[in-house]
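Everything on this sheet refers to the single structure shown next.
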Amino acid sequence: ETGVTQTPRHLVMGMTNKKSLKCEQHLGHNAMYWYKQSAKKPLELMFVYNFKEQTENNSVPSRFSPECPNSSHLFLHLHTLQPEDSALYLCASSRTSGTGTASYEQYFGPGTRLTVT
Amino acid sequence: GNSVTQMEGPVTLSEEAFLTINCTYTATGYPSLFWYVQYPGEGLQLLLKATKADDKGSNKGFEATYRKETTSFHLEKGSVQVSDSAVYFCALTGAGSYQLTFGKGTKLSVIP
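In the order they appear, the protein sequences are chains A and B. All residue numbers for the first sequence refer to the numbering used here, where the first residue is 17 and numbers rise by one. All residue numbers for the second sequence refer to the numbering used here, where the first residue is -18 and numbers rise by one.
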């Protein structure tokens, strides 16, 4: 599946570093999502952007900062992370109606495996 | 709020065995239901979906039927292969929403 790409695929960073995760979708979708997948925990929705506007922030700590410059690109800026932030970070995209009233499936990227040391 | 409950894993089956992974949900109205699969080292892929009661989603030999009366969407396959080894996630979007609620996932291992 090459519809949603994520870079880098693997990232190791120290707690004082600043790094960014990138996601790009080639499907013409207008909603994009960040999820966190930790071992033995359900998938956690972090952020949602619909038509470039942030519509959801699920109580995510401020050390995670999303950016959506257009409907095709989504970034997750990381700074002063903690070891418990180590996880697989998944990006997804989907169609929506303009008012978000339709239920469309999401397409996922391969994820970035993040390790915080 | 919405919730999805799926059977605890891991599930280990021999090749050609019959597979059932149970999934039940709680939601208001008429949600859309999905099964996603995650192969080792990869992201999630949509396996199948159903958008209204009694719909049957199917793909790659997998099937699931949307049962409104039992609020269930169980995943089945008649004959599993080693290549089906993966983690399977049941999910829903609530009526009028595009945000997914996931179950915890069920890891399936198929041995030759």
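Glycine included, each C-beta is placed from N, C-alpha and C at the ideal position.
- Taking G84 (chain B) as reference, the option from B:A31, B:Q26, B:Y69 and B:P21 with the minimal CA-CA separation is B:Y69.
- Q122 (chain A) and L81 (chain B) do touch by the CB rule: their CB atoms are close to 6 Å apart, below 8 Å.
- If you ignore the 5 residues before and after L27 (chain A), its C-beta comes within less than 8 Å of the C-beta of K35, L37, T128, R129, L130 and T131, all in its own chain and listed in chain order.
- In the DSSP assignment, T128 (chain A) forms a beta bridge with A:Y105.
- When the five nearest sequence neighbours on each side are left out, the beta carbons in the same chain lying within less than 8 Å of the beta carbon of S53 (chain B) are those of N3, C4, T5 and Y6, in order along the chain.
- At a cut-off of 8 Å between beta carbons, E(-11) (chain B) makes no contact with chain A.
- Neighbours of G24 (chain B) in chain A, taken as residues whose beta carbon is under 7 Å from its own, are L106, F124, G125, P126 and G127 in chain order.
- V76 (chain A) sits in coil when the DSSP states are folded into three classes, being neither helix nor strand.
- Separation of T51 (chain B) and Y105 (chain A) (C-alpha to C-alpha, rounded to the nearest whole angstrom) is 34 Å.
- Residue contact with chain B for L61 (chain A): present (Cβ-Cβ distance below 8 Å to some residue of chain B).
- Rounded to the nearest angstrom, the gap between the Cα atoms of Q19 (chain B) and T32 (chain A) is 32 Å.
- Among the CB atoms of chain A, none fall inside 8 Å of the CB of K37 (chain B).
- Under the 10 Å beta carbon count, Q98 (chain A) is surrounded by fewer than 16 other beta carbons and is classified as exposed.
- When only Cα atoms are considered, P126 (chain A) and A67 (chain B) end up about 14 Å apart.
- Annotation: Cβ neighbours of L81 (chain B) in chain A (cutoff 7 Å, chain order): Q122.
- DSSP places V61 (chain B) outside both helix and strand once states are collapsed to three, so it counts as coil.
- With distances taken between CA atoms, F80 (chain A) lies nearest to A:T96 out of A:A55, A:F124, A:T96 and A:G19.
- In the DSSP secondary-structure assignment, G22 (chain B) is not bridged to any residue.
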